[in-house]
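For reference, the structure is listed below as structure tokens.
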Amino acid sequence: MYPSKNILKKYAEILINFALNSGKGIQKDEVVQISIPDCAKPLALELQNATLKAGGHPILRLIPTGFDKDYYALASDKQLTFFPENFLKAKAQMLDHQVVIIADPYPEELSKIPPSKIMLSRNSQKPYRDWITKKENQDKYTWTIALWATEAKAKEVNLSLKNYWKQIIKGCFLDFPNPTAEWKKLFKEQNKIKTKLNSLKIEYVKIEGKNANLKIKIGGNRIWNGGSGRNIPSFEIFTSPDWRETEGWMYFNEPLYRYGNIIRDVYFEFKKGIVVKAKAKTGNKLLQEMLKTKNANKIGEFSLTDKDMSRITHVMAETLFDENIGGPFGNTHIAIGKAYQDCYNGNITQITKESWEKLGFNDSSEHTDFISTTDRTVTAILKDRCEKVIYSKGKFVV
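Listed below in structure tokens is the structure:
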């Protein structure tokens, strides 16, 4: 079961003609890679057609599902770290945009695979991601991510496939005649919040509640971002902190589905910016292996979602939606690993690798979000050392 052709057509229209190119849609003759699992084939057709109608050049990458377990079981370390440099460099140079569709029919496919093998393969591909990031920083490349429903993911969160699709449809404004118009309205509201946050010149934020006592350095050379079209849906407002002054602890109550595994009930404790204690009730081996990745034991992102902005009301067992959930208290999430360089308040094309390090922007092949939906208050410490509550009971109060 999947939605009507009309819904899928609207879905594709949002992604191609709005989300890409930072809310402006693709331009004539631009090259768009569509990376989509085979189980989401009906949406692939609509994405191809929308790209063609816009005058773009679609490159369809149909990804076979159910192959990963055998790949990791059979591949040697040499095969896991194989990096087709010339191919990937040419690909990075050619692409103007990419749409990535998440569709996971096997949520625990890699649960029996040693986490070290998964991370070895993942980390070996960092050069390609660095090339793409550099191109993105030059405003020559954009991407967006969206979700396709599967029976397995619906079952994980105790929803029927029909009701799981209803969450996607509602979360992406596909229940409106003109979803793009609704996204533009939302982005205007997000821009108001971002403007207020950026005007405060926040030095630190404190996250406090029954399950959190964490202090994070923001700093005057950061900006808050959100509403760029990079994810559909995207209700969050986020920044990339100065990792060096993260202090305290936080529990994350939402499950994380990552690398064919499930990680539940995560606890992090930070000292001088580094995770000094980490544990998970489920998936702890994978969590520990992730933290062994270079700089994955440091923070790369801090994010808040206003419950009144989000249309997502149910956990979806997928980070794209879960990091944007509303509910009674909105959500707070942090990411370990790579920072978003577009959160720098300045010309990012002029910043060297050494300068990024001096600014406290973390660099890692890892970037994984950990989500809390429990009640917590976020207080900003301003440049003049005054304190101001900016988030309470799941809402921005700036």
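Numbering (full-length UniProt numbering), first residue to last: 1 to 398. For each residue, glycine too, the CB sits at the ideal point set by N, CA and C.
DSSP lists Leu-214, Phe-270 as the bridge partner or partners of Gly-248. Checking the DSSP bridge columns, you'll see Phe-302 partnered with Thr-239, Ile-334.
Taking C-beta separations shorter than 6 angstroms and ignoring five residues to either side along the sequence, the partners of Glu-151 in its chain run Leu-161, following chain order. Counting the other CB atoms within 10 Å of its CB gives Arg-230 a total of 16 or more, which places it among the buried residues. For the alpha helix (DSSP H) assignment, the uninterrupted runs of no fewer than 4 residues enclosed by the region 19–69 are, from N- to C-terminal side, 20–23, 41–53. A distance below 9 angstroms separates the beta carbons of Asn-221 and Leu-359. Proximity to Lys-112 across Asp-68, Leu-88, Phe-87 peaks at Asp-68, based on C-alpha coordinates. The beta carbon of Lys-201 is closer than 8 angstroms to those of Gly-220, Leu-382, Lys-383 in its chain, skipping five residues each way along the sequence.
Looking at the backbone, the Cα of Asp-342 and that of Val-100 are separated by about 20 angstroms. Per the coordinates, the alpha-carbon of Asp-96 lies some 12 angstroms from the alpha-carbon of Ala-90. Between the alpha carbons of Gln-93 and Leu-60 lies a distance of about 17 angstroms.
Between Gly-66 and Ile-26, the beta carbon gap of about 31 angstroms keeps them out of contact (Cβ cut-off 8 angstroms).
A Cβ-Cβ separation of about 6 angstroms places Phe-329 in contact with Thr-374 under the 8 angstroms criterion.
In the pairwise beta carbon analysis, the region 170–189 is classified as not touching the region 46–53: fewer than three pairs are separated by under 8 angstroms. DSSP places Ala-380 in the strand class (E or B) of the three-state scheme. Its chain contains Asn-213, Leu-214, Lys-215, Phe-270 as the residues whose beta carbon lies nearer than 7 angstroms to that of Gly-248, once the 5 sequence neighbours on both sides are disregarded; these appear in chain order. For Glu-289, the enclosing alpha helix (DSSP H) stretches over residues 284–292.
Annotation: Gly-171 is outside any beta strand (DSSP E); the continuous alpha helix (DSSP H) that includes it extends over 161–171. Of the candidates Cys-386, Val-378, Lys-388, the residue whose Cα lies closest to the Cα of Gly-394 is Val-378.
DSSP, read as helix, strand or coil, puts Gln-98 in strand. Around the beta-carbon of Ser-76, fewer than 16 other beta-carbon atoms lie within 10 Å, marking it exposed. Excluding residues up to 5 positions away in sequence, Pro-115 lie with their Cβ nearer than 7 angstroms to the Cβ of Lys-285 in the same chain. Within the same chain, Cβ atoms closer than 7 angstroms to the Cβ of Phe-187 are found at Gly-23, Gly-227, the five residues on either side in sequence being excluded. With the rule of 3 Cβ pairs closer than 8 angstroms, the region 320–329 does not count as touching the region 77–85. The beta carbon of Val-31 sits closer than 6 angstroms to the beta carbons of His-57, Met-94, Leu-95, Asp-96 from its chain, once the five residues preceding and following it are set aside; these are given in chain order. In the assembly as shown, Asp-104 is a buried residue. Its beta-carbon has 16 or more other beta-carbons within 10 Å. Inter-residue distance for Val-275 and Lys-292 is about 11 angstroms (C-alpha atoms, whole angstroms). A Cβ-Cβ distance of about 12 angstroms is found for the pair Trp-165 and Pro-42, leaving them out of contact under the 8 angstroms criterion. For the region 308–370, the full-length alpha helix (DSSP H) segments reaching 4 residues or more read 319–322, 353–359 along the chain. The beta carbon of Lys-155 sits closer than 6 angstroms to none of the beta carbons in its chain outside the five residues before and after it. Judged by pairs of C-beta atoms under 8 angstroms, the region 126–135 does not touch the region 5–23, as fewer than three such pairs exist.
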